[in-house]
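Which chain is which? The protein sequence lines are A and B, in order. Last residue of the first sequence: 196 (our numbering), numbering continuous. Last residue of the second sequence: 9 (our numbering), numbering continuous. Glycine included, C-beta positions come from ideal geometry on N, C-alpha and C. What you are looking at is a predicted structure, and each value in this text was computed from that prediction instead of being measured. Accompanying notes for the structure given below.
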Amino acid sequence: KDVVTTENVDKHPLQSRWALWFFKNVRSQPWQCNLRLVTTFNTVEDFWALYTHVQLASKLSSECDYSIFKDGIEPMWEDSRNKRGGRWLITLSKQQRHSDLDTLWLETLLCLIGEAFDEYSEEVCGAVINIRAKGDKIALWTRETENREAVTYIGRVYKERLGLSSKAVIGYQAHADTATKSSSLTKNKFVV
Amino acid sequence: DKKSYDREFLLGFQFIVASM
């Protein structure tokens, strides 16, 4: 009778319920068939239970992604909550997979679930990490490109939270532009 | 009431949960 189960402990609720998605590229299948919803969570405790259970991003094989989005938003440009938005993009060198990738991704997750962007946190849709042989990427997605004040505030806070040098520059790209160009050619709408 | 948590608070739960 003295045993306390996790169900009896008051967990710390998050502002939003979040969904973890996993993508593994199987070229013979349509893109959407390769994307799976893993689970959702809405407490601090359940976030850590999930985080400690899944593979670190640096251990995933190439052409896999994790996405974490507010529940109900699919991790794709076409979703109505994403299509007018864009992303702050962090591009990493091959060497950074072993030195920085997991730390930067965890920091990104903590920014999201902790609502780190103050009154602009509602603008955040989610984040994506792409594991790629040519260099990994992390992106923070927001819902409306035209909300300049919100987008730049989020970018400044995000850059600071990632511990990037003040000399480093990160760019924000509209999904509408990324969808029509290869990402290496997409122009930055904002930089911080 | 908005539920926001700073990174130190969130990190504090990492090992509590892991040890459960």
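Euclidean distance between Cα positions of Ser103 of chain A and Ser20 of chain A: Counting from one through the first sequence, the residue named residue 103 of chain A turns up at place 99. Counting from one through the first sequence, the residue named residue 20 of chain A turns up at place 16. The straight-line gap from Cα to Cα measures roughly 30 angstroms.
Using the beta-carbon count (16 or more within 10 Å), is Phe150 of chain A buried or exposed? Within the first sequence, residue 150 of chain A is the residue found at index 146, counting from 1. What sits at residue 150 of chain A in the sequence shown is Glu, not Phe. Flag for Glu150 of chain A reads exposed.
Could you tell me which chain A residues have their CB closer than 8 angstroms to the CB of Ser(-7) of chain B, listed as they occur along the chain? Along the second sequence, read from residue 1 onward, the residue named residue -7 of chain B stands at position 4. By Cβ distance, chain A contributes Gln19, Gly118, Glu119, Ala120, Asp122, Ser125.
Along the chain, where does the beta strand (DSSP E) containing Trp25 of chain A start, and where does it finish? Looking up residue 25 of chain A in the first sequence gives position 21. From DSSP, the beta strand (DSSP E) with Trp25 of chain A extends over 17 to 28.
Taking any Cβ of chain B, which residues in the stretch 52 to 71 of chain A have a Cβ under 7 angstroms from it, in chain order? Trp52, Ala53, Thr56
Leu(-1) of chain B classed as buried or exposed, judged by whether at least 16 other C-beta atoms fall within 10 angstroms: Counted from its first residue, the second sequence places residue -1 of chain B at position 10. Burial call: buried.
Range covered by the beta strand (DSSP E) that runs through Ser103 of chain A: Against the first sequence, residue 103 of chain A aligns to sequence position 99. Ser103 of chain A -> not in any beta strand (DSSP E); alpha helix (DSSP H) instead, spanning 100 to 103.
By the DSSP assignment, the beta strand (DSSP E) with Tyr70 of chain A in it spans what residues? Locating residue 70 of chain A in the first sequence gives position 66, counting from the first residue. Note, Tyr70 of chain A: beta strand (DSSP E), 68 to 74.
For my contact list, Thr43 of chain A and Leu24 of chain A are in at a C-beta cut-off of 8 angstroms; report their separation, rounded to the angstrom. Along the first sequence, read from residue 1 onward, the residue named residue 43 of chain A stands at position 39. Along the first sequence, read from residue 1 onward, the residue named residue 24 of chain A stands at position 20. Confirmed, about 6 angstroms.
Opposing strand residues paired with Gln177 of chain A [DSSP bridges]: Translated into the one-based positions of the first sequence, residue 177 of chain A becomes position 173. BP columns for Gln177 of chain A point to A:Arg91.
From Trp22 of chain A to Asp75 of chain A, what does the alpha carbon distance come to, in whole angstroms? The residue given as residue 22 of chain A occupies position 18 in the first sequence. The residue given as residue 75 of chain A occupies position 71 in the first sequence. Each residue's alpha carbon lies about 5 angstroms from the other.
To the nearest angstrom, how far is it from the Cα of Asn86 of chain A to the Cα of Ala180 of chain A? Along the first sequence, one-based indexing puts residue 86 of chain A at 82. Along the first sequence, one-based indexing puts residue 180 of chain A at 176. Going from the Cα of Asn86 of chain A to the Cα of Ala180 of chain A covers about 10 angstroms.
What residues from chain B crowd round Glu49 of chain A, counting only those whose CB sits closer than 7 angstroms? For this step, residue 49 of chain A is matched to residue 45 along the first sequence. Correct list: Phe2, Val6.
Find the nearest neighbour of Tyr162 of chain A within the set A:Gly89, A:Tyr124, A:Glu67, judged by alpha-carbon distance. Reading the first sequence from its first residue, position 158 is the one you call residue 162 of chain A. Here the closest residue by C-alpha is A:Tyr124.
Reduced DSSP category for Leu0 of chain B - H, G, I as helix; E, B as strand; rest coil: For this step, residue 0 of chain B is matched to residue 11 along the second sequence. Here Leu0 of chain B sits in helix by DSSP.
Among residues of its own chain, excluding the 5 on either side of Asp83 of chain A, which ones have a beta-carbon nearer than 6 angstroms to its beta-carbon? In the first sequence, the residue the question calls residue 83 of chain A occupies position 79. Hits under 6 angstroms: Ile77.
Residues that Leu114 of chain A contacts on chain B, provided the C-beta gap is smaller than 7 angstroms: Working through the first sequence from its first residue, we reach residue 114 of chain A at position 110. Per Cβ cutoff of 7 angstroms: Arg(-4), Leu(-1).
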